[in-house]
Amino acid sequence: MADRHILTPSEPLGLAALRELAALTTERLLGALEMTVTGLEPAEVPGLTVYLPPPPPASGRYGFASAGNDSEALTAALLLDAVRPGVADLVLALAGRLAVHPAVVPHLVVPPDAADEQAVAARHGQAHLALAVAVAHTVVGNVQIPPLADRTAATVGVGIGAAAAVLGQTPMPPAYAPALLNKIRAEYLLPRRSFGSVRVSRHRFGLIEGSFPDTVDFAGNGLVAVVDGGAVIRTGIADRPARVQLTVLAEEPPEVASGWEEIVEVSWHAAEGLASVLGPDGTSAPPLRAQTPPWPGDYRLRVHARGRDDRDDPDAETYELVVWPAPAGPEVVHRRTDRLGHRLRGEPEPARPVRPEHAYRWVRRSLLSEAATVTVTTGATVEEVLRAFGADPDRPESIRSIEADLYAGDSNLPWVAVLDAGPAILAVEYNGFQGSQESVLRRASARCRAASMFWNVNTLMRLSFAEQGRLLAAFEPGMSAAEPEVDAEPAVEAATAGLELADHVDRHLKGLVAVERFTGYGITAADLDRITTTGTAFRIIPVVDDL
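In UniProt numbering, the protein residues as written are 1 to 547.
1) Quick check on this structure: which residue in R185, L52, P42, V105 has the alpha carbon closest to the alpha carbon of E117?
2) When the distance is taken between beta carbons, is A175 closer than 8 Å to V110?
3) Within 10 angstroms of the Cβ of S258, are there 16 or more other Cβ atoms? Answer buried if so, exposed if not.
4) In three-state DSSP terms, what is E384?
5) Short of 8 Å in beta carbon distance, which residues of its chain neighbour N412, apart from the five on each side in sequence? Order them along the chain.
6) In angstroms, rounded to a whole number, what distance separates the CA positions of T25 and V91?
7) Identify the continuous beta strand (DSSP E) that holds E251 and give its terminal residues.
8) Between the Cα of L288 and the Cα atoms of N221, G210, R193, which residue gives the shortest distance?
9) State whether the segment 272-288 contacts the segment 337-348, with contact taken as three or more CB pairs (one from each stretch) at a distance under 8 Å.
10) For G210 and R123, I'd like the C-alpha separation in whole angstroms.
11) Terminal residues of the continuous alpha helix (DSSP H) containing E72?
12) Measuring straight from C-alpha to C-alpha, what distance separates A219 and L321?
13) CB-CB under 8 Å to Q169, same chain, minus the five flanking residues each way: which ones, in chain order?
14) By the DSSP assignment, the beta strand (DSSP E) with P325 in it spans what residues?
15) Got a sec: is the Cβ-Cβ distance from E500 to anything in chain D below 8 Å?
16) Output needed for V232: all residues of its chain with C-beta closer than 6 Å, excluding positions within five of it in sequence on either side, in chain order.
17) Examine the Cβ distances between the segment 413-420 and the segment 494-514 and report whether three or more of them are shorter than 8 Å.
18) What residue range is occupied by the uninterrupted alpha helix (DSSP H) comprising R343?
19) Pull up the distance between the alpha-carbon of T532 and that of E476, whole angstroms please.
20) If you count every other CB in all the chains shown that lies within 10 Å of the CB of P171, and 16 or more means buried, which is it?
21) Quick one: residues in its chain with C-beta nearer than 6 Å to the C-beta of F465, no 5 flanking neighbours on either side, listed in chain order?
22) Please say whether I425 and G535 have beta carbons closer to each other than 8 Å?
23) Could you give the residue range of the beta strand (DSSP E) that holds V416?
24) What are the residues that DSSP puts in a beta bridge with V376?
25) Put M461 into one of helix, strand or coil per three-state DSSP.
26) Determine the direct distance from the alpha carbon of L223 to that of residue 549, and round the result to whole angstroms.
27) What is the DSSP secondary structure of F212, reduced to helix, strand or coil?
28) Report yes if the CB atom of F538 is closer than 8 Å to the CB atom of A391, and no otherwise.
29) Between V457 and the rest of its own chain, which residues show a CB-CB distance below 6 Å, the 5 nearest in sequence each way excluded?
30) Can you pull the DSSP bridge partners for P241?
31) If you follow the alpha helix (DSSP H) that T138 is in, where does it begin and where does it stop?
32) Counting Cβ pairs, one atom from each stretch, are 3 or more of them under 8 Å apart for the segment 75-84 and the segment 10-19?
33) Enumerate in chain order the residues of its own chain whose CB-to-CB distance from E261 is below 6 Å, with the five nearest sequence positions on each side excluded.
34) Just reading off the alpha helix (DSSP H) that residue 586 is part of, what are its end residues?
35) Taking its Cβ as the centre, do 16 or more other Cβ atoms sit within 10 Å of A136, making it buried, or is it exposed?
36) Could you tell me which of R352, P393, L129 sits nearest to L541, measuring between CA atoms?
Printed below as a string of structure tokens:
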């Protein structure tokens, strides 16, 4: 336990455990115990001090300074250890021995009236704390210590530390597990969703109650295999984390989700419940640990997979596991389109054309990953685009200074960086949205075309198209309400054709494809590098007509 603290190599384990406790907790325990401890006379135990090393040579003077937020009990216990080394170790050793002594064990048993989890844990800890403080009271009472050490605070501090150390090595009483399960069941609510990463090894992870199986056969459906206590999922990646969403529902979802390349549904029987998403090494991220219903029974598991073929994009491979209670039923394959699944099933691999939005995957690893607006304008100059945004072309500033003002609160004006890319003018807003405004797009497109794609960290998005000073369409990609608006404009319909905007995956990247199709130019990683290297931007002053 001592290696979990920043301690001197010789610091006793009991004091290390005392340090680990919150200062407020220790202070409250001291307040509850100090009157009782002060009023008790310690029993004389002949020969007890022979187990202690001799005290340091007396010099006639003692000095001790304390600072910080340590509790009084910890400060006194540390002082006691300084003037009488070995006391804390002796208290811990005796408390540990007595905790398993046949004459003492019956007094540590949790009584039957402690029924719920909190009561069982409290009575278990209370009994061990009483034992450890009693031992500390006896040991400290048989030792001569200088008066500068608060004997009561030191006794309680050493006792608390010993109790914490002993409890850390002592199993919870038999009544605790069922009490904890009852608590979990009482507090378990549906639906529930959790997100996290799981460490994949040997191309697999699982939703498992117990230990991970050694061998699994995926030849049946190429994605998931049912095993004792859960299911194992076959991944494309070999050995690294994979992103997983776990959804637990009260009943079968009304629809099969879109945007996934492989979807397979199976039945599995939970012997106990509370299965975890974990890797073959048995580790599980806290949000994915013990998330399925805490009851035994039959469940359905629908496994969704995407990106198993995309070895060049580390962010492409993701999974969603959906669980709900249902009688055992046959396996159902809802979708089977990726090449890996076909190989595992012994089938010829399908030809899969590269999706157009894949060309913009670099955006996910760029400065624009979370929030930005990219506006592309044709038939205009840099100066005209800047004026369309409400910026002054004659007042360039460094991006660094603008951001410094924003962080310092000295300015809240939006800003834009522009680049003459030849065929078009690029306007890039880091975490901005002016390019999605109708007035900006009307001005920017006065002589030709302009289109923009806005997205932010809350997954809000807006895809806009303008031509000859007229806004043709502006909508949230994938929203059905936008379909009439798109269908009414042939140029917009052509720009969005085949992009599957209703599929939520990479919608902002699909929007950038539509912007490129409409204007004839799309932003590249090299363009963003040029903007970043130049480091120049322009503050946007709201135009009166826009207010």
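Note that beta-carbon positions come from the ideal geometry of N, C-alpha and C, so glycine has one too.
On the basis of the coordinates in this document:
1) R185
2) yes
3) Residue environment analysis places S258 among the exposed positions, since fewer than 16 neighbouring C-beta atoms fall within 10 angstroms of its C-beta.
4) E384: helix per DSSP, three-state reduction.
5) L406
6) 21 Å
7) That residue, E251, is in no beta strand (DSSP E); it is neither H nor E in DSSP.
8) The shortest C-alpha to C-alpha distance from L288 to any of N221, G210, R193 is the one to R193.
9) With the cut-off at 8 Å, the segment 272-288 and the segment 337-348 do not touch.
10) 30 Å
11) Where E72 is concerned, the enclosing alpha helix (DSSP H) stretches over 72-83.
12) 20 Å
13) G96
14) 318-325
15) Any reference to chain D falls outside this structure, which holds one protein chain only.
16) R204, G206, V216, A225
17) no
18) According to the DSSP assignment, R343 belongs to the alpha helix (DSSP H) that extends over 339-344.
19) 28 Å
20) exposed
21) A451, L472, A473, V492, F518
22) no
23) 415-420
24) L426, A451
25) strand
26) Because the chain is modelled from 1 through 547, residue 549 falls outside the range shown and cannot be assessed.
27) Looking at F212 - three-state DSSP - the assignment turns out to be coil, as it is neither helix nor strand.
28) yes
29) E370, A371
30) R199
31) First-last of the alpha helix (DSSP H) with T138: 117-141.
32) yes
33) R306, T337, D338
34) Because the chain here runs from 1 to 547, residue 586 falls outside it and cannot be looked at.
35) buried
36) As written in the sequence, residue 541 is Ile, which differs from the Leu given in the question. It is P393.
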